[in-house]
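Using my numbering, read the sequence shown as starting at 3 and increasing by one per residue.
The beta carbon of each residue, even a glycine, is placed where N, CA and C say it ideally should be.
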Amino acid sequence: LFMVMMVGEAIGVTAIANFGVPLFRVLTIVGFGISTGCFGTLSAVALPRFFGRAYLGAISGFQMMILVIASAIGPSFLAIFKDKLGSYQPGLYSCLILVILILILTFFARHPRKLDR
């Protein structure tokens, strides 16, 4: 499911970088829709399944902190590209590199092991 989310994110970022083309406007909606839909499911189902309910509050709190920080940094990051290069497109493509890197790393991820008690 995480891989599907990252593929949706890659589609969304690529499409929004080319938003002037009508087809890419639709792909932006589809890609980010898939990504956002998967994120909600992963947060609600996968986190408790893999990490247990005992620390779910701490994990969810940390996750929200990262989301808020990234939401604050993201627009500034893209604005730098707009100021220096005259377009958001290079900044969006640099974000795409991060998405692709994360997608590749998911192939090497393992399920967490339960501790023997």
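Beta-carbon proximity check, residue i vs residue j, cutoff 8 Å
i, j, result
"Met7", "Leu44", "yes"
"Ile13", "Gly39", "no"
"Gly59", "Leu80", "no"
"Met5", "Leu87", "no"
"Ile36", "Gly10", "yes"
"Val47", "Val101", "no"
Reference residue i; option with closest CA among the options
i, options, result
"Arg115", "Arg51, Gly42, Ala60", "Arg51"
"Val19", "Leu103, Gly42, Lys84", "Checking the displayed sequence, the identity of residue 19 turns out to be Ala instead of Val. The shortest C-alpha separation from Ala19 is found at Lys84."
"Pro77", "Gly63, Ser62, Cys97", "Cys97"
"Met66", "Phe41, Tyr90, Leu107, Ser89", "Phe41"
Threshold first: 4 residues or longer. Then list the alpha helix (DSSP H) segments lying entirely within the stretch 14–61, N to C.
24–43, 49–53
Within 8 Å, do at least three Cβ pairs link the stretch 27–40 to the stretch 62–72?
no
The stretch 16–24 / the stretch 41–61 touching (three or more Cβ pairs under 8 Å):
no
Any chance you could list the alpha helix (DSSP H) runs of at least 4 consecutive residues sitting entirely within the stretch 62–92, in chain order?
none
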